[in-house]
Amino acid sequence: CTSIVGEDSNGKMYHARNLDFGLFLGWDLKNDTWIISELLRPLIMNINYTKGGELKYKTVTFFGFVGLITGVKPNAFSVSVNERFNANGGYIGLFEWFLNINRKQAWTTLVARDCFENDDMDFNHVVKTLANTPLIAPVYYIIAGPVKQQGAIVTRDRAKAVDVWLLGSNNTWFIAETNYDHWKNPLIIDDRITPCNRCMNKLGKEKMSFEGLFNVLSSKPVLNKLTVYSALIEPKTGRLETYIQYCPTPCDPF
Amino acid sequence: LLVRTEPEQVCENGKYPPDPSTSFVPTYVVNLDLPPSQRWQELSRKYQKPLSAIVTYIKKFVLEFSPKLQKLIDLIDNKLGLVADSLPEPYGEEIKGIANATNIELGELVLYNIFYEVFTL
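Chains A and B, in that order, give the protein sequences.
Just so we're on the same page, the numbering used here is the position in the first sequence counted from 1, plus 13.
Just so we're on the same page, the numbering used here is the position in the second sequence counted from 1, plus 5.
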């Protein structure tokens with residue numbers, strides 16, 4: 014996955030993401046595709062959750078999946094979830110849950126949806142909640158708000174946040190996350206963050222827009238064989254655009 | 006597969022908006038005023054086949070690793086469904102509602118919903 018939050022030269026906030034999924038779950042030799050990624054594409058949908066006839070929040074999901082991996086609450090906040098691989102992985106939390114040893118920990122995508130269900134949440138509350146709630150698995154939460162400089166990437170261990178990276182620190186106008194801790198180098202065979210940062214810097218604050226972000230998300234290897242959709246979000250208005258993505262050969266497998 | 010094909014790394018231009026014939030994503034409304042078990046019923050009828058296809062593929066993939074893993078699938082079908090009762094509300098009930106409407110084993114649907122956590126295995 015790749016998630017980006019940033020602002021344009023007028024301070025307007027944007028949030029964008031590529032959802033990559035299906036690694037090592039079967040390769041279709043005939044079509045040069047990951048089988049799971051192909052099976053997921055027909056299940057992609059935008060959901061507008063309503064209450065009392067009014068829109069409460071929007072998500073992008075796969076049918077049958079009730080947690081939240083991409084969502085926006087208009088004029089409040091947006092969240093995207095990226096996978097994080099860690100030695101203290103989700104299997105420990107899963108066993109603790111299944112054996113009823115510890116159920117005072119949250120499912121990574123359900124606690125994200127909880128934030129949207131709760132009427133009292135704003136950007137700062139969401140950052141605090143997603144930074145501090147004990148989790149079953151490590152994860153990255155990428156959060157944006159409707160106001161200038163409201164952007165954060167929360168790097169989570171199961172117990173708590175190991176890092177909260179805020180937009181604006183070191184004069185950043187965007188921050189981006191793939192599937193590696195931002196203070197470490199990615200695997201040399203899976204470096205999507207360097208091209209992402211390069212394309213964002215080339216785009217520049219002045220040209221930050223849905224169009225610019227979609228071009229970055231469509232640049233290889235940010236776009237790769239695992240990418241099933243790109244989502245573009247404007248937290249202030251709640252504008253959400255989702256596009257199914259394909260990466261025709263030649264294209265990196267991940 | 007592990008060797009990169011080294012495509013030219015360029016920053017794309019002119020990709021937006023993409024061709025709607027290949028990139029279109031539908032939008033649906035889910036009414037939170039409905040009981041959780043009923044919220045996804047209409048969509049369940051429409052999406053039963055593609056959802057069933059992915060669940061069937063995962064089982065096939067597991068069995069291709071080793072036929073002995075049938076025991077794991079039996080465990081998922083018979084026991085994992087119980088986990089739905091332990092999930093926080095309203096999510097457990099939403100998953101049960103989808104399982105009922107699609108006739109997909111509850112355990113398999115629970116697995117699909119906790120796949121993120123399972124995948125870290």
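The beta carbon of each residue, even a glycine, is placed where N, CA and C say it ideally should be.
- In the DSSP assignment, Asn31(A) is bridged to Thr15(A) and Ser243(A).
- Excluding sequence positions up to five before and after Asn101(A), its CB lies within less than 8 Å of the CB of Pro151, Asp170 and Arg171, all in the same chain and listed in chain order.
- Counting only unbroken stretches of 3 or more residues, the beta strand (DSSP E) elements lying wholly within the stretch 199-257 of chain A are 240-247 and 252-257, in sequence order.
- For Ser26(B), no beta strand (DSSP E) encloses it; the enclosing alpha helix (DSSP H) starts and ends at Pro25 to Ser28.
- Contact between Thr32(B) and Asn183(A) is absent: CB atoms are separated by about 38 Å, not below the 8 Å threshold.
- Contact between Asn192(A) and Cys14(A) holds, with the beta-carbon distance rounding to 6 Å and staying under 8 Å.
- With fewer than 16 other CB atoms across the displayed protein chains lying within 10 angstroms of its CB, Thr250(A) is exposed.
- Within the same chain, Cβ atoms closer than 7 Å to the Cβ of Gly24(A) are found at Lys161, the five residues on either side in sequence being excluded.
- At a cut-off of 7 Å between beta-carbon atoms, Glu109(A) makes no contact with chain B.
- Distance between Lys220(A) and Val229(A), taken at the CA atoms: about 12 Å.
- Rounded to the nearest whole angstrom, the CA to CA distance from Leu200(A) to Asp41(A) is 25 Å.
- Between Leu56(A) and Gly77(A), the beta carbon gap of about 7 Å places them in contact (Cβ cut-off 8 Å).
- For Thr83(A), the enclosing beta strand (DSSP E) stretches over residues Thr83 to Lys86.
- Ranked by Cα distance from Ser57(B), the first of Thr125(B), Ala106(B), Leu92(B) and Phe124(B) is Ala106(B).
- Only Ile63 and Phe66 from the stretch 63-74 of chain B bring a Cβ to less than 8 Å from some Cβ of chain A.
- Residue pairing by DSSP puts Asp176(A) in a beta bridge opposite Thr168(A).
- According to DSSP, Val60(B) shares a beta bridge with no other residue.
- Look at the stretch 31-49 of chain A: the residues with a C-beta under 8 Å from a C-beta of chain B are Leu38, Gly39, Trp40, Ile48 and Ile49.
- Within the same chain, and ignoring the five residues on either side of Leu179(A) in sequence, the residues whose Cβ sits closer than 6 Å to its Cβ are Ala165.
- When rounded, the separation of the alpha-carbon atoms in Tyr121(B) and Tyr52(B) is 21 Å.
- The beta carbon of Val140(A) lies closer than 6 Å to those of Ile156 and Ala165 in the same chain, with the five residues before and after it left out.
- Leaving aside the five residues that flank Glu96(A) on each side, the residues in its chain whose CB is nearer than 6 Å to its CB run, in chain order, Asn192.
- According to the DSSP assignment, Tyr62(A) belongs to the beta strand (DSSP E) that extends over Ile57 to Lys64.
- Buried is the label assigned to Thr74(A), since at least 16 other Cβ atoms lie within 10 Å of its Cβ.
- Excluding its 5 nearest sequence neighbours in each direction, Lys84(B) has C-beta neighbours in its own chain below 8 Å: Gly112, listed in chain order.
- Residue-level contact by beta carbon fails for Lys76(B) and chain A, as no gap is shorter than 7 Å.
- Residue burial annotation: Gly19(B) is exposed, with fewer than 16 other C-beta atoms found within 10 angstroms of its C-beta.
- Annotated three-state conformation of Leu36(A) is coil, per DSSP.
- Residues Pro208, Cys260, Cys264 and Asp265 of the same chain have their beta carbon placed closer than 8 Å to that of Lys233(A), with the five preceding and five following residues left out of the count.
- Membership of Ile103(B) in the alpha helix (DSSP H) is indicated by the continuous run Tyr96 to Thr107.
- With a cut-off of 8 Å on Cβ pairs, the stretch 63-71 of chain A is not in contact with the stretch 106-123 of chain A, counting fewer than three such pairs.
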